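Below is one structure, written out as structure tokens; the observations come after it.
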Ligand SMILES: C[S@@+](CC[C@H](N)C(=O)[O-])C[C@H]1O[C@@H](n2cnc3c(N)ncnc32)[C@H](O)[C@@H]1O
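Residue numbers (my numbering): 19 to 436.
In structure tokens, the structure reads:
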């Protein structure tokens, strides 16, 4: 099939079944680190960058779920969304119309036919899109000029290892349907197929996606996107690297970086010693085989970019504290009314913090160092500075372990690309 014919089939699918549909917006809006430009840049470059005035592009924005999150987490930014499907863009416009504080505009564009931009973006997001293109490398190369020299690219690609069962089910459904069968009929066949499987059947087990197949298939748009797609490429880690390489990009880190930790995945110390001299790339490959993630979701940058900062410029404490919601603990007579803090990273976690930690976190502004936070607190309370600094260092070391703050890495190295 020609590139244009594939694109047309994909467009037709998303015109009929815009993804992920309007449903997700029924959930209350959340602050989250994954779509905070400041937080993501801190993780990627160890640099503090404000989100104010930033330009963010979501290429293949679908029904605007990701854009809505970018809007909430980057007040003062300008958002742009491109998508092939007008029905999806209409839903996205409805959602964005309900968010205040950001400028946005949406355009119907084919990523395979993009002209160079008038002005590049600070962050380009392309999630769940490249693997549906007739030519992913061409699409990615078209997007590269849209990313500023020091910009950050958020990419999500399907994983071949994780989607093995999905591929198999999709193939079964294809075999059960005639080539001319309408989409409505295919939906019907697919649903009957899944409903007919005995409980516990391996094709129903999607625990790694944190979804229940039986629920997932109840929505036409989910069923169509997952099992009836006309174009889908599933990637291995090496394929991901090859794709990025071809576009002059490199991975800085995964959003779920903790999940790639070989210490956890390969507990046998003797075996782990055998990995000591492997390259970073090989270690990721191994981690991918040991425990495939549901998808590859990572931050990338231009290969040619090297951050220009020096050790002295780096704020010691990131403003992660600014990306937490504070809410009173559920009042129970046995528990003092401490503050609950929600850490907004890839996986949300909640911690109960005492008043001391809450006070210290309130002073994190992305510029102060740990000692400066201690000094500010000592000045306010009249405490001894040396003691305050000592206590504060211990406190922040614990907070960093919990992922509540990020501190400057020991070396001034930026995230080294894979
Ligand atoms: C699975 S949806 C992902 C939507 C959104 N990025 C998200 O993560 O929720 C894929 C989207 O890519 C869009 N798309 C597919 N091919 C495209 C192309 N050639 N140009 C622009 N958008 C495209 C589809 O219209 C669809 O909205």
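Ideal Cβ placement from N, Cα and C applies to all residues, glycine included. Just so you know, these numbers come straight off a predicted model, no measurement behind them.
For residue i, tell me which candidate among the options has the shortest Cα-Cα distance.
i	options	result
residue 411	401, 392 and 397	392
residue 308	298, 285, 315 and 231	285
residue 312	61, 172, 280 and 253	253
residue 181	66, 217, 278 and 310	310
residue 210	245, 143 and 379	245
residue 95	104, 119, 171 and 191	119
residue 58	407, 80, 318 and 390	318
residue 56	268, 208 and 140	140
residue 175	266, 316 and 88	316
residue 138	114, 203, 75 and 288	75
residue 178	320, 92, 258 and 397	258
residue 413	398, 373, 400 and 99	373
residue 221	304, 187, 288 and 147	187
residue 78	112, 54, 93 and 36	36
Using DSSP bridges, identify the partner residues of residue i.
i	result
residue 213	DSSP lists no partner for residue 213.
residue 268	319
residue 379	None; residue 379 has no bridge partner.
residue 144	173
residue 76	99 and 143
residue 313	176
residue 253	177
Does at least one heavy atom of ligand 1 sit under 7 Å from the Cβ of residue i?
i	result
residue 243	yes
residue 54	no
residue 75	no
residue 38	yes
residue 83	yes
residue 313	no
residue 229	no
residue 128	yes
residue 103	yes
residue 514	Outside the shown range of the chain (19 to 436) lies residue 514, about which nothing can therefore be said.
residue 212	no
residue 79	yes
residue 147	yes
residue 177	no
residue 316	no
residue 20	no
residue 376	no
residue 200	no
residue 150	yes
residue 139	no
residue 171	no
residue 28	yes
residue 32	yes
residue 68	no
residue 100	yes
residue 106	yes
Quick one: grab the DSSP three-state call for residue i.
i	result
residue 195	coil
residue 161	helix
residue 284	coil
residue 371	strand
residue 121	strand
residue 167	strand
residue 106	helix
residue 126	strand
residue 32	helix
residue 273	coil
residue 324	coil
residue 190	helix
residue 92	coil
residue 440	Outside the modelled stretch of the chain, which goes from 19 to 436, sits residue 440, for which no answer is possible.
residue 37	coil
residue 339	Its pLDDT being 39, under 50, residue 339 is placed unreliably by the model, and the measurement read from it follows with that caveat. Note: residue 339 maps to helix in three-state DSSP.
residue 411	helix
residue 82	coil
residue 232	helix
residue 136	coil
residue 302	helix
residue 20	coil
residue 65	coil
Is there at least one non-hydrogen atom of ligand 3 closer than 7 Å to the beta-carbon of residue i?
i	result
residue 253	Ligand 3 is not part of the structure shown, which contains ligand 1 as its ligands.
When you compare the CB of residue i with every CB in chain D, is at least one pair closer than 8 Å?
i	result
residue 286	Of the protein chains in this structure there is only one, and it is not chain D.
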